[in-house]
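There are 2 protein chains.
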Amino acid sequence: MRADARRNYERLLEVARDVFVEQGPSASLEEIARRAEVGIATLYRRFTDRDTLMHAVVLTALNGTIAAAERARQDNPDPLDALAAYVHTVLDLRTSAVIPTLLTVLDLNEPRLKAARATSARLVEELLAEAHKTGRLRKDVTFGDIGLLLTRLSQPLPGPIPAETQHALTHRHATLFLAGLRADPTAPPLGGPALELDDLQQLQQDT
Amino acid sequence: MRADARRNYERLLEVARDVFVEQGPSASLEEIARRAEVGIATLYRRFTDRDTLMHAVVLTALNGTIAAAERARQDNPDPLDALAAYVHTVLDLRTSAVIPTLLTVLDLNEPRLKAARATSARLVEELLAEAHKTGRLRKDVTFGDIGLLLTRLSQPLPGPIPAETQHALTHRHATLFLAGLRADPTAPPLGGPALELDDLQQLQQDT
DNA sequence: CCTTAAACGAAGGGGTGTCCTCCGGTACCA
DNA sequence: TGGTACCGGAGGACACCCCTTCGTTTAAGG
Chain A
4 MRADARRNYE
14 RLLEVARDVF
24 VEQGPSASLE
34 EIARRAEVGI
44 ATLYRRFTDR
54 DTLMHAVVLT
64 ALNGTIAAAE
74 RARQDNPDPL
84 DALAAYVHTV
94 LDLRTSAVIP
104 TLLTVLDLNE
114 PRLKAARATS
124 ARLVEELLAE
134 AHKTGRLRKD
144 VTFGDIGLLL
154 TRLSQPLPGP
164 IPAETQHALT
174 HRHATLFLAG
184 LRADPTAPPL
194 GGPALELDDL
204 QQLQQDT
Chain B
4 MRADARRNYE
14 RLLEVARDVF
24 VEQGPSASLE
34 EIARRAEVGI
44 ATLYRRFTDR
54 DTLMHAVVLT
64 ALNGTIAAAE
74 RARQDNPDPL
84 DALAAYVHTV
94 LDLRTSAVIP
104 TLLTVLDLNE
114 PRLKAARATS
124 ARLVEELLAE
134 AHKTGRLRKD
144 VTFGDIGLLL
154 TRLSQPLPGP
164 IPAETQHALT
174 HRHATLFLAG
184 LRADPTAPPL
194 GGPALELDDL
204 QQLQQDT
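Chains as they are written, first to last, in my numbering: chain A, 4 to 210; chain B, 4 to 210.
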């Protein structure tokens with residue numbers, strides 16, 4: 004693969020990720036090509052059709068979060084620190100929102116997708132389980148709480164807010180949220196459903 | 004105004020609010036009419052043009068949050084309870100995200116808009132000031148933290164999640180977040196910019 | 001019940017944007 | 001510097017959107 008071809012391929016993946024988050028799964032492919040500063044033919048040459056592009060975007064995103072989870076655990080002896088590191092790292096990847104967005108449209112039985120999804124979920128569950136074992140994490144916090152936090156914070160804010168500002172605000176919100184996760188007998192109960200992994204996955208694919 | 008006319012007027016406002024949040028300020032007006040189960044002519048009859056509709060949506064939204072703030076303070080002697088009540092009430096209105104979305108496009112000098120915006124902001128600042136006075140709210144929490152929380156939680160989650168589930172998840176996230184706002188010497192510092200009211204307003208209108 | 005004005009929905013013309021392919025030009029790499 | 005892998009843009013068919021015009025329906029008072 005020639006150098007310029009690889010550059011365009013990666014740039015398309017990044018731009019597609021952002022555009023799909025902003026405009027949903029039916030976003031204009033020409034818009035993606037435009038923002039990537041690439042001819043429309045180049046997009047179709049690299050990705051046969053919309054489906055191929057979406058699969059590539061999701062797989063890249065899932066692999067990124069898997070790597071982030073593994074690294075967070077290795078780098079942090081304390082499970083609570085590991086959880087916080089995981090959240091902040093994944094936010095920097097800006098990939099969390101695109102996963103549920105595109106999964107609502109893709110075929111979840113595709114083997115590579117299924118495997119990546121399972122691995123990613125398992126790693127986070129392990130991270131949570133270890134944090135729970137320390138007793139310093141609220142007992143009622145589940146996979147869904149972390150997953151939805153990441154999804155929400157990876158969606159763009161309305162208006163023309165500069166990227167760096169948005170980035171800083173996102174991490175600030177995450178820090179405040181994580182502070183609320185610490186075990187504290189005086190904290191008010193949550194109420195509402197405690198979404199487990201399975202519930203969340205089912206919600207995302209019900210059509 | 005005939006009864007059916009009033010029904011359609013209100014229905015259009017509600018649907019427009021949701022569609023503008025989902026698709027941005029340039030959302031299709033025909034889509035709005037369709038979802039409101041109303042002919043396109045009816046929309047144009049009630050709202051001369053896109054701008055008129057957007058103004059009506061924002062003003063209705065701002066008035067709702069103003070009422071919510073007043074009620075929250077009256078009903079809750081404890082300022083922290085009032086703040087929490089305000090957040091949960093405004094989330095039920097589902098109006099927070101549409102305000103910044105449309106303000107990026109509207110003329111902020113329109114008198115009624117300017118006034119409503121100022122009143123709404125002032126009330127929240129007062130709510131926060133009173134909460135700070137109790138010493139039980141993190142000192143570094145500002146207007147921007149509450150405003151952005153409301154904006155983020157008022158945006159829809161990707162995928163076909165039922166309205167009631169979405170509603171419950173939103174309140175759950177809010178409760179967890181609010182728990183993180185309590186003053187606690189062991190809590191990690193926030194880092195990043197502490198957005199005050201003025202900063203936030205400027206960010207939203209810079210084009 | 002019946003009238004009538006107010007309110008309604010649908011069709012349509014002009015215009016813009018999107019999808020996807022074909023093909024002549026460009027620039028990377030040896 | 002040559003050759004080939006790669007690129008960008010034009011373009012036809014199609015869908016959707018904006019906004020107006022017009023014949024039909026329906027709420028509500030006498």
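Ideal Cβ placement from N, Cα and C applies to all residues, glycine included. What you are looking at is a predicted structure, and each value in this text was computed from that prediction instead of being measured.
**Q.** 7 Å Cβ shell around L105 of chain A - same chain, five flanking residues per side excluded
**A.** Excluding sequence neighbours, L105 of chain A sits near F23, P28, M57, V60 and V61.
Q | Bridge-paired residues (DSSP) for Q140 of chain A | A | Reading the sequence as shown, one finds Leu at residue 140 of chain A and not Gln. A:R185, per the DSSP bridge assignment.
Q. Can you tell me whether L16 of chain B is buried or exposed, with buried defined as 16 or more other CB within 10 angstroms of its CB?
A. buried
Q: Determine the DSSP secondary structure at A1 of chain B, reduced to helix, strand or coil.
A: Absent from the structure is residue 1 of chain B, since the part of chain B shown begins at 4 and ends at 210.
Q) Would the beta-carbon of L156 of chain B fall within 9 Å of that of F146 of chain B? A) no
Q. DSSP state of D110 of chain B, grouped into three classes?
A. Three-state result, D110 of chain B: coil.
(Q) Can you look up G195 of chain A in the DSSP assignment and give me helix, strand or coil? (A) coil
Q) So V1 of chain A packs on T63 of chain A, CB below 8 Å; how close in whole Å? A) Since the displayed chain A opens at 4 and closes at 210, residue 1 of chain A lies outside it and no answer follows.
Q. Can you check whether the CB of A30 of chain B is closer than 9 Å to the CB of N11 of chain B?
A. no
Q. Would DSSP call P82 of chain A helix, strand or coil?
A. helix
Q. Can the beta-carbon of R120 of chain B be found less than 9 Å from the beta-carbon of L111 of chain B?
A. yes
Q) Looking at chain B, which residues of the region 148–160 of chain A have a Cβ within less than 8 Å of any of its Cβ atoms? A) Residues passing the 8 Å Cβ filter: D148, L151, L152, T154, R155, L156, Q158 and L160.
Q: On a CA-only basis, which of B:P163, B:H170, B:A177 and B:A186 is nearest R139 of chain B? Give me that one, please.
A: B:A186
Q.
Between the alpha carbons of M4 of chain B and L198 of chain B, how many angstroms are there, rounded?
A. The alpha-carbon atoms of M4 of chain B and L198 of chain B are separated by roughly 44 Å.
Q) Grouping DSSP H, G and I as helix and E and B as strand, with all else coil, what is T68 of chain B? A) helix
Q.
Check this for me: beta carbons of V41 of chain B and R14 of chain B, under 9 Å apart or not?
A. yes
Q) How big is the Cα-Cα spacing for A87 of chain B and P161 of chain B? A) 26 Å
**Q.** Buried versus exposed, by CB contacts within 10 Å (16 or more), G194 of chain B
**A.** Answer is exposed; the Cβ neighbour count stays below 16.
**Q.** Contacting positions in the region 180–200 of chain A - beta carbon closer than 9 Å to chain B
**A.** Residues passing the 9 Å Cβ filter: F180, L181, A182, G183, L184, R185, D187, T189, A190, P191, P192, L193, G194, G195, P196, A197 and L198.
Q. Below 9 Å between beta carbons: does that hold for P103 of chain B and Q207 of chain B?
A. yes
Q) Shorter than 9 Å from the beta carbon of H176 of chain A to some beta carbon of chain B? A) Chain B, which has a Cβ nearer than 9 Å to the Cβ of H176 of chain A, makes this yes.
Q. Taking C-alpha atoms, which residue in B:L181, B:P159, B:A44 and B:L179 lies nearest to A8 of chain B?
A. Taking only the C-alpha atoms, the option nearest A8 of chain B is B:A44.
Q) Between B:L151, B:G150 and B:T173, which lies nearest to P159 of chain B when the distance is taken from Cα to Cα? A) B:T173
Q. Which residues, taken in chain order from the region 128–141 of chain A, show a beta carbon closer than 7 Å to some beta carbon of chain B?
A. none
Q) What span of residues does the alpha helix (DSSP H) with V18 of chain A cover, start to end? A) A6 to Q26
Q: Report the option in B:A182, B:P191 and B:A190 whose CA atom is closest to the CA atom of P188 of chain A.
A: B:A182
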